[in-house]
Structures are given as structure tokens and as C-alpha cells.
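See below for the structure under consideration.
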Amino acid sequence: MKEEQELFLTIHKLLSEQKLGALATNGQGEPWASLIAFAATDTLDSIYFATPKTTRKYSNLVNDPRCSLLIDNRENLASDFSNSIAVTATGVIKELDKSEKSAALQLFLNKHPYLDTFTQSPTCAFICLQVNRYNLVRRFQEVMEYHPGL
Amino acid sequence: MNLIPLSELNQSHRQLIGGKGYALGQLISLGYNVPPGFCVTTLVYDQFLDQTGLRDLITLELNRKNMGEMRWEEIWDTALRIRNLFLRMPFPANLKKTLKAHCDHYFQTASVVVRSSAGDEDAAGSSFAGLHESYVNVRGFDAIIKHIQLVWASLWSDRALLYRRELGLEVEHSAMAVVVQRLVQSDVSGIVFSRNPNDPEQTIIEAVYGLNQGLVDGSIEPDRWLLNRSTGNLVKHIPVDRARFMVCTDEGVTLAPLPPDKAKTAPLYAEQVNQLFQLAHNLEQQFGLPQDIEWTLSNNLLFILQSRPVTAKKTNSTEDKRGWYLSLTRSFGNLQQLHLVIVNEGLPAMASEAKRLDDYDLNPLSDHELAIEIDKCRVIYQYWHDVYWDEFIPFAHGIRLFGEFYNDTLNPFDPAEFILLLNSSDMISVKRNQQLAELAAQVKQNPELKAALESQDYFSPVCELFIEQLDAFFKEFSGLAWGAEICFSDRNKTIKHILQLASKALLRKEKENDPKIQQMVNHFLSHFQGEQLKFAQQLLELARVSYKIRDDDNIYLGRIESQLIKATELAKNRLAAKGDPDSQLRNANELIALLINPGQVPKTKRKKSKNKQQSGKLKARQIVGQPAVAGLSSGIARVVLNSDDLFEFKAGEILVCTAIDPNMTFVVPLAAAIVECRGGMLIHGAIIAREYGIPCVTGIPLATSRISTGDKVTVDGYLGIVTLDKKP
């Protein structure tokens, strides 16, 4: 129990501190990675992000809602191998409509206030990644799995 | 350390109080009379930015595009957006509380001056004074807060952004201090240069009645006294026609007629001239450098408003057009005068010149006469081209002035909202497009007419009325030049264009008499009363005229240019008929020489046309510009580089071009969206797209090379993104 809590807190801290992550989507068999700004809920079961609807990542997600998001704290130093941690969140996305998004959008804008105008555009989709599991990598190759909500 | 009384400023505060604040602190410590007040240090600016998240927003704004690639108009848009952000951000409560206590202590209900005090603006050798804003006669705590925000925003003004490299302007490190001082009720004000920048042997004093704003912004010519710098003896007094002076209104300042007794009398007595001479030389000794001093006299008491080292005159090289750009910032009074000149003289003269040239038949001219006509047209065109740059473009600043005033009043979410109030269905290009739309409507309603036109059977009885109206259209609108081509000179091409228009499911019409716009105007004007209401109405009217002229002057200039093109085309054809194989490639000088002296063929070096630069395997997938008109559209791109491309334009295509000229806007109703290399919310492309409600992205310098005719393109006018798909 104690170990689970420690894992939860480590992931929570990383997701709170980091502003950007690399989103992996599926473009009809072709993997596609994109850098995105995100914000996670306190329970870690949802991660929100925004994207213009004209982008490749959006059309990929419309065709296949499964995706993963890599978030890490590397500093581009040799010590990253031992000191940095990386989390991969895996799940399924859902585009939020007007009625669903107000609280989520507020959470997102608290972290990224400069994206206010961007998220207000009718051509910008606001998306919730419903996370099934987190994989945490640290100390070079140690990998732990965490399932939110279980 | 957030707020420091002017009387307590010293060397230890140097980094926090800016150049002006520091100089005022020194003046007080030396015993000079300075209006009381306090300095809002750069720490407050930093806290405001950090607590509101504004620092990140400014960074985003400044990095939307490489500023080196921006046109002046785009830099103004950026500055306007940043200004809007400063005004829309709530002032943090903790800072507000401290500020309120200081304002109550120093000013109670008195009027104040809110002045910029940037890093090194007044330091020796720096010639950037005046790039930032100061506001005179600000009343009440809320107004003081708003004007502090406006002064902060002016750290990022278009003028400052233009000189960003020289100023070392950076979001992380640059900050602005603000000086808030009690307003002195000035009887006479002016400037002293302890050393005349134009004559090192002299001291120069300039003086006007009332506040010195009129002198500083150039709207009032001052009396001048030139004095021997060593002895103080008067070399010369240069009086002027004194007609107006700057006075305080309920809020702000205005020019008022000078009472006759003052108009007859110089603003300074001999003793006062001496007193100012002494002051200037004392300050020069104390600061160790020749000084440029702003002063004011109130009830015979002399106040110093500012003292800074005399800076070298700016020398702008011919390539550096920034000086010209700075001159575009005109005052309301100056613009009103320019308005009268343009509306009563410039524009009618330009229109009648255009008509005179249109009516002049070149065909009967002999070769010699044609050569003279080409030369004449060239001189006429150059003259009007210069008038356009020197008077008409600066007049467009009326739109900017209104834009800032509107945003200051309403704090709208969209800083470009004010443009909606300027729409005019009275513009020539709009009238032309309306007539084309009416012709297209006839074709759409009458299948027989459509069939006859498609088979070019123009003599069919069903075409009679249509052709009559088309001829009337030609008479009114032929001879509008675009680039080196003449539009609407070819009946077949024009009919083809009308058939395209008629093929659209719904004929797009300009938005006219929209009740929503009138509601917006009423809402805007409801914020004012009395003199302020009159000013707001005048400013709106001025901006509307600016906006309309911005289109019409281009049309007239296009007509004048088209006569030059017609004359040169005629000359080329005549020379070709006489066997000159190079006639189509000849420039005006060669044509004139050959027309006058047929035997003398000048040798010409022709540049080989370069192949379009290959961009290797680079392929743009998504390009970012400025969102000019909101909306989302997809379609096939047509890159328009010449008039043939224009007449090839099909309904539903995406128009991609360098810059939309008012003379080519007739294709706009056919376009599903517009992408333009030139940027700025006031450029013609943006204006006309807004009229028709077509999504538009501007300011993509490489749009015409990154996008090819036939590409499938999606234009997101909300976010300013153009996405290219693979070719269909």
C-alpha cells in the first residue's frame, strides 16, 4: 500500500511539474509523435490537452482513439540516466464538448493561462485522455506500472 | 521598494526606477522644484507580469513569427495585441492596496501625470526618448491604474519593437518603471537645450503658452530664443504666429484658441529667459553634460519636469525607413488637417487626373507624340505615387488612433473588433463587386442567357440587355491596373468570370447596414458625454474616412498607372509592327528613344530570368500566419501571380497571393478562403475578406512558394494556420 502511494505521488509530482509531453498516435499503422501541453487531474485518471482540428494528430485520434503520452524530467545530461524519470500514460481519448469541458478547461488553463485564446477557437479540439495505466521508468531501467482508479 | 517617493530616490534605486525617475530624484536632491509624486518601480511591473501570467503571453505574441520578417503594420498589430493584454489583466489586489494609499497621500483628488521611465531611455548617447507613452491630466484612482498599465504596455509599443535590438528589449529582462506626479497648472511651458544641437555656441529656449504637450508633439510652434552660450546674451528671438495652446479638459488635454492678448505677447519676459539660461547652465555643470530640460511656469514658480543629456540627432540611412514609420504616428489635430487636405484637394485631384487620362485617346497620336505622352504619364504617376506615400499612407494612422481609443474604452477580447465599425459599402472596389454580382445574378436566373454566354453567342437577343449593362460596367471600371496588367479590358475574360460567379450556389454579398454594427457604434458612444462624446464621434468619422480612402486611393492610383501601361503597350505594338523583335521586352526609356528616333536601337542588357528556387525535399505541411478573418475552409489552392491567374480563378478555390490589391478584389467573392504573404489587420486582403466573411490568414511571407496551385489546403482563420494535404 505504501509503495503504491509512493508511486502515485511520484507520478503526480512529475505531471504537476512538467508542462509538455510527447503524444503518440496511430496514423493507419504509421506511428506519429507530437509535443503537446497537458494538465492532469489530481486523481491521475484523466489528462487534458488541446489541438487544432486541422492537425495530423487530431485526424489520427479521430480514426483511432488509443494513444500514449510520454512525460519526463530529463535535463539533457549524462546524469539523466540515473536521476531522471519518465512516465508513459496509456489510454483512450474522448473529445469533450461544450457542456463537458468547462471544469476541465479551467484546470488546463490554470496550468497554461497563455493558451486561453487558442483553446477558445472553434477550430481547437479539447481532449481528455482517459488513462488506463501509467508506466514509470527510473534508475535507468526500473519500470513500475500504476493503474489509476483501481 | 515597490513604490518610492520622488524625494527619497537615490543611487541605490538606480536599477528599479528607470532613467526619468533617477533624474527627477537627483533634481530634488539638488534643491530644484519638481512636482511631487512617487515612482512605481520595475519590481511592480515584474510582479504584475508574474501574477497575471502576462510574461508568458507576451513571449507567445512576440514569437508567433520572426520579427525580422514582419512588416510595420504587423508590428503594430503585435503591439496592439500586447497593449490589449495589459489592459485586460486585473490589477493584483495586493499591489492595488499599496498604490491606493500612496495616491491618497500625494494627490487626493488632484490630477496627475503618469510618465514612462524605462531603463536607459534618458541616458547619454541614447536617442530613444519618446518611444514610450506618458499621459497628462489623469484623474481618479481607477484612471491612474489604467494609465500605469498603458505606460507598461508602451514598453512593447510598435515604436519600441521597431528599435528592439538597439533597446535590448527582452521579455525576461526588460521592465518599465512609472513616475506618477501631481499635474502643475501651467501658464507657460517649454524646453531649454543648454547647448543648441544645431549650433554648439548657443543655448536655445523654446516656450509656448499652456502645457508643453503641444510643443513636444509638434502641434504648436514655439517662440525661440537663441542665446550666446558663454555670455547668455540674446542672439535672436524668433517669434511665431501664436494661435493655440494646450489646455486640460475633464480628462486629458486639448488644443484651444489662444486669447487675443496672449497671442500678441511673447510667452516669456527677458528676466524669465535669463532665469532659464541660468538654470540650464547650472544643471549642465551639476550633471557634467549639456542638458535638454523640460520646464513649466505656474504662478511665476518654475518647475522642472525633466532633465536629460542632449542626444545626438538621429541620422537615418536611406535604407532605414524606421524614421519614416515613426512619422506616421500623427496626433488627432494633425490628422484632421490632413483629412481636409486629402478629402478636399488630394483625392478629388487624383480622381480627376485618373478620369482625364482614362478619357484621353492615345490611338490618334503620332509616334513622337506618343513618346511625349509616355514620359508625361510617367511623371504624373510618379507624382501621385509620392503623394500616396507622403500623405495618404500617413492618414491611415487615423484608423490606428481610433483602434487604440476603442480598445482603451471597451477592453474587447478581440483587439481588432474596432474594424467592424469602419465598414463602408461606399468603397469603389465594393461597388464594382456589387455590379459584378448583379450581372452574375441575371445569369443565374436565366439559363438561356447562361447558355448563350457560354457559347460566346453575344449577339443573341437574350444577351442584349446583359451586354448593354456589361458595356456600362466596362465604362465605369475599365482601366484598373493590377501590377503591369490591365483588368477588365477583355470582354471574354470578364464574362468567364461572371459565369464563375453565377455558378456559385449562393451569391455572396457584402455585409451592409448590419444592425449589429449600429448597436456596436451606439454601445461605444454610450461611454461618453459632452465634449468627450463629440471627440469620440469625430475620431470614428476620421477613422471611417481613413478606411475608405485606404481603398479608393489605390484604385485611383491604379487608374493613373493603367494609362502609363496603355501608352507603353501601344508603343510596343507599333514597334513590333515595324519589325522590332525585342519590343515586348523594352522599358519606357527605350520605347521613348525608339519612338523619337526609329533608327537608334539602344543596347540593353537583359537579366536572365532565374528559375524558381527549388526547395529540395522540403515540403510545408502546416504554416502559421496571423488570423485575419475567423472561419474554417478547405479547398484547392490557386496561387495568383498575374492577371491571367486571376481570370482562371474558379469558385470555391483558395486564393493564395502576395498581396491583394483593391484592383483585384473582384475574385474574392469566388474564394473559399484567402492566404496572403503580406501581414497586418488593416491590409486590403484582410479588409475585403472581412467584408465578405471569408476566412483569411495573412503574414505568411513564403505562402506563394510553399503552396502550389492544385494543393489541397485548409485555412483556419481562427488560429491563423494553413494546413497542406497531399495533392488530390
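For the record, the sequence lines run as chains A and S.
Residue numbering for the first sequence follows our numbering, beginning at 16 and increasing consecutively.
Residue numbering for the second sequence follows our numbering, beginning at 73 and increasing consecutively.
Here a beta-carbon is modelled for each residue, glycine too, at the ideal position from N, C-alpha and C.
Per the coordinates, the alpha-carbon of S:F596 lies some 12 Å from the alpha-carbon of S:F474.
Interface residue (Cβ-Cβ distance to chain S less than 9 Å): A:S136 is classified as such. Under the DSSP assignment, S:E278 falls in the beta strand (DSSP E) whose first and last residues are Q274 to Y281.
By the CB criterion at 9 Å, S:A709 and S:K784 fall inside the cutoff. Taking C-beta atoms under 8 Å as the contact rule, S:G707 and S:A761 fail to qualify, at a distance of about 14 Å. Of the other Cβ atoms in all chains shown, fewer than 16 fall within 10 Å of the Cβ of S:I668; this residue is therefore exposed.
A Cβ of chain S is located within less than 9 Å of the beta carbon of A:R71. Beta-bridge pairing by DSSP links S:G140 to no other residue. At least one CB atom of chain A sits nearer than 9 Å to the CB of S:T131. For A:S99, the closest of A:D60, A:D87, A:G106 and A:T105 by C-alpha to C-alpha distance is A:D87.
DSSP places S:C749 outside both helix and strand once states are collapsed to three, so it counts as coil. Excluding five sequence positions before and after S:I567, the CB atoms of its chain that fall closer than 6 Å to its own CB belong to L525, given in chain order.
Cβ contact annotation for S:R504 (same chain, cutoff 7 Å, sequence separation greater than five): F549 and F738, in chain order. If you draw a straight line from the Cα of S:A660 to the Cα of S:V415, it comes to about 32 Å. Short of 6 Å from the beta carbon of S:Q378, and not among the five residues preceding or following it, lie these beta carbons of its own chain, in chain order: E366.
Look at A:F123: its C-beta is not under 9 Å from any C-beta on chain S.
Listed in chain order, the non-local C-beta contacts of S:K137 below 7 Å within the same chain comprise G771, local neighbours out to five positions each way being set aside. Contact check for S:S266 against S:V382 passes: the beta carbons are separated by less than 9 Å. No residue range can be given for S:H245, since it is assigned to no beta strand (DSSP E) and is classified by DSSP as neither H nor E. Between the beta-carbon of S:D624 and that of S:L419 there is about 7 Å, and that keeps the pair under the 8 Å contact cut. According to the DSSP assignment, S:C768 belongs to the beta strand (DSSP E) that extends over C768 to T770. Assigned with DSSP and collapsed to three states, S:F474 falls in helix. Sequence-distant partners of S:L78 (beyond 5 residues in either direction) whose C-beta falls short of 8 Å from its own C-beta, in its chain, are G93, L96, G97, I100, V106, P108, G109, F110, C111, V251 and Q253. When C-beta distances to chain A are compared with 7 Å, every residue of the stretch 733-754 of chain S stays at or above that value. In this chain, the alpha helix (DSSP H) harbouring S:R86 covers R86 to S101.
Sequence-distant Cβ neighbours of A:W47 in its own chain, meaning closer than 8 Å and more than five residues away, are A39, T40, N41, R71, K72 and N75. Taking C-beta atoms as the reference points, S:T337 and S:S258 fail to come closer than 9 Å. Linking S:V280 to S:I376 through their CA atoms gives a straight-line distance of about 15 Å.
At a beta-carbon threshold of 7 Å, none of the residues of chain A lie near S:I726; the nearest stands roughly 13 Å away. Pairwise C-beta distances place the stretch 157-171 of chain S in contact with the stretch 113-126 of chain S, as three or more of them are shorter than 8 Å.
The Cβ neighbour count for S:Y619, taken over all protein chains shown within 10 Å, is at least 16; the residue is labelled buried. DSSP, read as helix, strand or coil, puts S:V617 in helix. Fewer than three beta-carbon pairs drawn from the stretch 441-460 of chain S and the stretch 586-593 of chain S are found closer than 8 Å, and the two stretches are therefore not classed as touching. Counting only the Cα atoms, S:G286 lies some 5 Å from S:I292.
In chain order, Y790 and L791 make up the part of chain S whose C-beta sits under 8 Å from the C-beta of A:C139. S:R86 and S:S189 have their C-alpha atoms spaced approximately 11 Å apart.
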